[in-house]
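Anchor point for the sequence shown: position 122 equals 121 in numbering that gives the first Met the number 0, and the numbering is continuous, going up by one each time.
For glycine and all other residues, C-beta sits at the position ideal for the given N, C-alpha and C.
Remember, it's a predicted structure, so these values are computed and weren't measured experimentally.
To keep things clear, I will list the structure first and then write my remarks on it.
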Amino acid sequence: MQPTLLILAAGVGSRYGGLKQLDRIGPNGETLLDYSIYDAVKSGFGKVVFVIKESLEAGFKEMFINRLQDHVEVDYVFQEIWMVPEGVLVSDERQKPWGTGHAVLMAEDHIDRPFAVINSDDFYGRMAYEALTGYYKNWTHERENDYCMVGYHVDKTLSEFGSVSRGIWGV
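Structure representation (structure tokens):
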């Protein structure tokens, strides 16, 4: 079973000053997401689900639909501040999306197989996707509560251009 790549791309890039997930950085106008999706598909992922703000839909479809439609199944899911479980109150002042857990919840009805979650503005490398598809090769419904995570040496993830937040996972 080919896993799904769930791409978190609802951020508005307030610190960056724009939508970095749509910025063209490659020699032929590729985005960072183009490289990530290419690596994932080459590694065996069979579906891509973008989690975006509804206001970004036209730009995402314009950027990615023609590039991806012949290579991988693509779906779009909206993540908006007001999309919360019944009984949860949202402050009128909140501007930022809720985060990873909320994004995965928004995609729940669009994922019917094992999946991996990535941020749209990070580069993971093909080895990460190959490790995940290798893990999922023997996936069965009996293992539906098994999880895995790709890890990196923390010193390889730090930036010389400002502070970053990193979680440290230990076994």
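Output yes or no for whether 8 Å exceeds the beta carbon distance between residue i and residue j.
{"i": "LEU32", "j": "ILE6", "result": "yes"}
{"i": "LEU21", "j": "VAL47", "result": "no"}
{"i": "PHE44", "j": "LEU4", "result": "yes"}
{"i": "TYR123", "j": "PRO2", "result": "no"}
{"i": "VAL71", "j": "VAL40", "result": "yes"}
{"i": "TYR75", "j": "GLU56", "result": "yes"}
{"i": "ILE178", "j": "SER35", "result": "With the chain represented from 0 up to 170, any question about residue 178 goes unanswered, as that position is not in the structure."}
For residue i, report the span of its alpha helix (DSSP H) as first-last.
{"i": "PHE59", "result": "56–67"}
{"i": "ILE36", "result": "31–42"}
{"i": "ALA102", "result": "99–105"}
On the DSSP letters alone, give me the boundaries of the beta strand (DSSP E) that residue i sits inside.
{"i": "LYS155", "result": "From DSSP, LYS155 is part of no beta strand (DSSP E); its letter is neither H nor E."}
{"i": "THR139", "result": "Note, THR139: premise wrong, no beta strand (DSSP E); not H, not E."}
{"i": "PHE49", "result": "46–51"}
{"i": "LEU7", "result": "3–7"}
{"i": "VAL76", "result": "72–77"}
{"i": "ILE117", "result": "114–118"}
Measure from the alpha carbon of residue i to the alpha carbon of each residue in the options, then state which is nearest.
{"i": "VAL29", "options": "ARG165, PHE63, ILE167 and LEU157", "result": "The sequence shown places Glu at residue 29, rather than the Val named in the question. Selected option, being the one with the closest Cα: PHE63."}
{"i": "VAL236", "options": "ALA127, ILE36, LEU104 and GLU79", "result": "The question about residue 236 has no answer here: the residues shown for the chain are numbered 0 through 170."}
{"i": "CYS147", "options": "VAL73, ILE80 and GLU129", "result": "GLU129"}
{"i": "GLY98", "options": "ASN137, GLU79, GLU92 and ASP91", "result": "GLU79"}
{"i": "MET0", "options": "ARG23, PRO113, ASP120 and SER119", "result": "PRO113"}
I believe residue i touches residue j by the beta-carbon criterion, under 8 Å. Please report the beta-carbon distance rounded to the nearest angstrom.
{"i": "LEU131", "j": "ALA115", "result": "5 Å"}
{"i": "ALA8", "j": "PHE49", "result": "5 Å"}
{"i": "PHE77", "j": "LYS52", "result": "7 Å"}
{"i": "SER54", "j": "ARG125", "result": "Incorrect: roughly 32 Å between the Cβ atoms, too far for contact."}
{"i": "THR156", "j": "ARG165", "result": "6 Å"}
Quiz item: Any chance the segment 84–91 sits against the segment 107–114, with 3 or more Cβ pairs inside 8 Å?
Solution: no
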